[in-house]
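Here the structure is laid out as structure tokens; the discussion comes afterwards.
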Amino acid sequence: MRYTLPEFLAHALAMEAEAAERYLELADMMEAHINLDVAAIFRDMHRYSVMHRDSIKERTADFELPQLRPGQYRWVAPTEVGEEDGFDYMMRPHNALQYARDNEASAMVFYQTVAGRSDDPEVRHLRAEFAAEEKEHTEALDAWFDRVPPS
Ligand code: ZN
14 MRYTLPEFLA
24 HALAMEAEAA
34 ERYLELADMM
44 EAHINLDVAA
54 IFRDMHRYSV
64 MHRDSIKERT
74 ADFELPQLRP
84 GQYRWVAPTE
94 VGEEDGFDYM
104 MRPHNALQYA
114 RDNEASAMVF
124 YQTVAGRSDD
134 PEVRHLRAEF
144 AAEEKEHTEA
154 LDAWFDRVPP
164 S
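Take the sequence shown: its letters are residues 14 to 164, numbered as in the numbering used here.
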């Protein structure tokens, strides 16, 4: 589809809100695993997501946002967990990083490709900015893989 600005912003807003929620859950999960380093990373990611979500929200003030179906923005559960909503509280730090990384990467791909098919110059501008941001998030998580080997 070709995204209009309100459609694009609705997606971006939903994706960041979802990310914020997931990072909070992941941080709590890592604390349950007594892995405070990884918990701290997820708390940072949570903060970035909240900031990004709020700044997108400001941009949407003038629009009526379209309703989205959950499948259009929800994080995809890791395969070993199975269910969409069921979070595995035994997820190990390495898997949690992998999970977050996969979802950051798919956000990046969304901005790079799907959202790129727009005639609106504002969408094209924003999606480039947001794709760069998601790339940074992906790389930040990548940097942790070597430090948190699979157990
Ligand atoms: Zn991100």
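All C-beta atoms, glycine included, are put in the ideal place defined by N, C-alpha and C.
Note that the structure is predicted; figures quoted are calculated from it, not measured.
Alpha carbon of residue i to alpha carbon of residue j, nearest angstrom
i	j	result
E135	A113	28 angstroms
Q111	E31	17 angstroms
I54	E77	34 angstroms
S119	K148	10 angstroms
E142	R35	22 angstroms
E38	A156	21 angstroms
L49	M43	7 angstroms
Y124	A45	33 angstroms
I47	P106	10 angstroms
E29	R66	5 angstroms
R82	A128	16 angstroms
E181	T151	Given that the chain is displayed from residue 14 to residue 164, the structure contains no residue 181 and the question cannot be resolved.
R56	M104	17 angstroms
S131	H138	10 angstroms
E146	I69	13 angstroms
V51	H59	12 angstroms
D117	D75	Reading off the sequence shown, one finds Glu at residue 117, where the question assumed Asp. Going from the Cα of E117 to the Cα of D75 covers about 28 angstroms.
Proximity test, residue i beta-carbon vs the ligand ZN heavy atom, cut-off 6 angstroms
i	result
H150	yes
E147	yes
E117	yes
Exercise. Can you check the segment 120-152 for any beta strand (DSSP E) of at least 3 residues that lies completely inside it and give the ranges in chain order?
Key: Segments of the beta strand (DSSP E) lying fully in the segment 120-152: there are none.
Exercise. Would you list, in sequence order, the uninterrupted alpha helix (DSSP H) runs of no fewer than 4 residues that lie entirely inside the segment 15-97?
Key: Contiguous alpha helix (DSSP H) elements confined to the segment 15-97 occur at 18-45 and 49-72, taking only those with 4 or more residues.
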